[in-house]
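Data block below; observations after.
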Amino acid sequence: MPSGPLVLAAVLLATPQAKTPGVPGAAPVFVTYELAESSRSITPAGERTMSAAGRVVVRGGEARWDLTHGTFPRSSATSVVAGPGGLVLIDREAKVAAHATDSDFSDLFRGRVADAGSASLAVRDVSASVRKDGSGRPFQETPTSRFRVEAAWTVVLSSAGRITRVKTEAQGVVESVERPEAASALDELPRLLPARGPALETLAHELAKVPGLPVFVEISVTSTSSTEAPGIPSGTEPPPKPLTAHTTVTRRVTNLTARAGVPGDAERVAVPADFLTRSLDRLIAPHPLP
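Residue numbering for the sequence shown follows the working numbering, starting at 118 and increasing by one per position.
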């Protein structure tokens, strides 16, 4: 049975090709743009910043994001390919590729959930809303639509003699432009936010209302954690103060260009044929981060 690069090639070349509108048999339009996503968090433990920036190429719904420098958070991957078989993470220096799900890729930005052990975890009081908010700023002289994002949820972690609640509130804006030839799986916005379980499902449903290519996103997230010990006398010690973390997440698209497709474009959105296929564990951090 074929394996390694042959499997990747077979999967990625199976995409239905979107043709240039009005030109029967023409190659798909070839789109390029610069994409930068980042998050800056201020927590009681200090400040933490994560970012990923580089060039995206899109062809008929397939896409590839090559970072200009560094790696995706919590991994050695320097590129990601979005094709009909899902996502493929690539370490260009090691010439290694690994299949990944949308959730695997999102967890690079959000962090994987640590084992809660004997504690029980619940997500409660979930609300989310994405609504049209008029016109946004022009993008390369093209009109944009502006959407207001608001969401809130509470994570409750219960263990013997202790209950911890983390309430999260998020609000911000998304501006999008109608460029269907630039659309791809790399446009998924839920990966920018630290939601899990029912909160993530609700947010994903609401964010799906945003049409077109999201060219600007800025969302402020505030999480407040409080702990209580029900049934245990507190004595003279006051309860611990709630801990608060503030995070700002952004997404920016710049320098978008489009041209008619030409022979050889397919190779520019594919996994290189000489790269080896390895398990995902080869490219991602071995342990979940707090």
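C-beta atoms are modelled at their ideal positions from N, C-alpha and C, and glycine is treated no differently. Here the structure is a predicted model, which means the values were calculated and not measured.
Is the region 386–401 in contact with the region 281–289, if contact means three or more CB pairs nearer than 8 Å?
The region 386–401 vs the region 281–289: no contact.
With E151 as the anchor, note down where its alpha helix (DSSP H) starts and where it stops.
Taken as a continuous stretch (DSSP letters only), E151 belongs to no alpha helix (DSSP H), being part of the beta strand (DSSP E) at F147 to T160.
Nearest-angstrom Cα distance between N372 and L184?
Roughly 15 Å separates the two Cα atoms.
Do three or more CB pairs link the region 377–385 to the region 141–158 at distances below 8 Å?
Segments in contact, yes.
When you compare only the Cα positions, how much space is there between L309 and M167?
If I take the Cα positions, the gap works out to 11 Å.
Span of the beta strand (DSSP E), counted from its first residue to its last, around T344
Segment L330 to E345, the beta strand (DSSP E) holding T344.
Helix, strand or coil: which one does DSSP assign to H322?
Correct three-state label for H322: helix.
What residue does the beta strand (DSSP E) around A217 start on, and which one ends it?
From DSSP, the beta strand (DSSP E) with A217 extends over V213 to A217.
With distances taken Cα to Cα, identify the nearest neighbour of T319 among V240, R368 and V174.
Closest by alpha carbon: V240.
Buried or exposed: T218, going by 16 or more other Cβ atoms within 10 Å of its Cβ?
The C-beta of T218 has fewer than 16 other C-beta atoms within 10 Å across all chains shown, which makes the residue exposed.
Roughly how many angstroms lie between the CA atoms of M118 and T394, to the nearest whole one?
Reliability of the predicted coordinates at M118 is poor, the pLDDT of 40 falling under 50, and no value is obtained from them.
On the CB-based measure, 16 or more other CB atoms within 10 Å of its CB, does T364 come out buried or exposed?
Its Cβ being crowded by 16 or more others within 10 Å, T364 is buried.
Apart from the five residues on each side of it in sequence, which residues of its chain come closer than 6 Å, Cβ to Cβ, to E154?
Taken in chain order, the residues that qualify are A169 and R368.
Coil, strand or helix - P389 by DSSP
Secondary structure at P389: coil, using DSSP grouped into helix, strand and coil.
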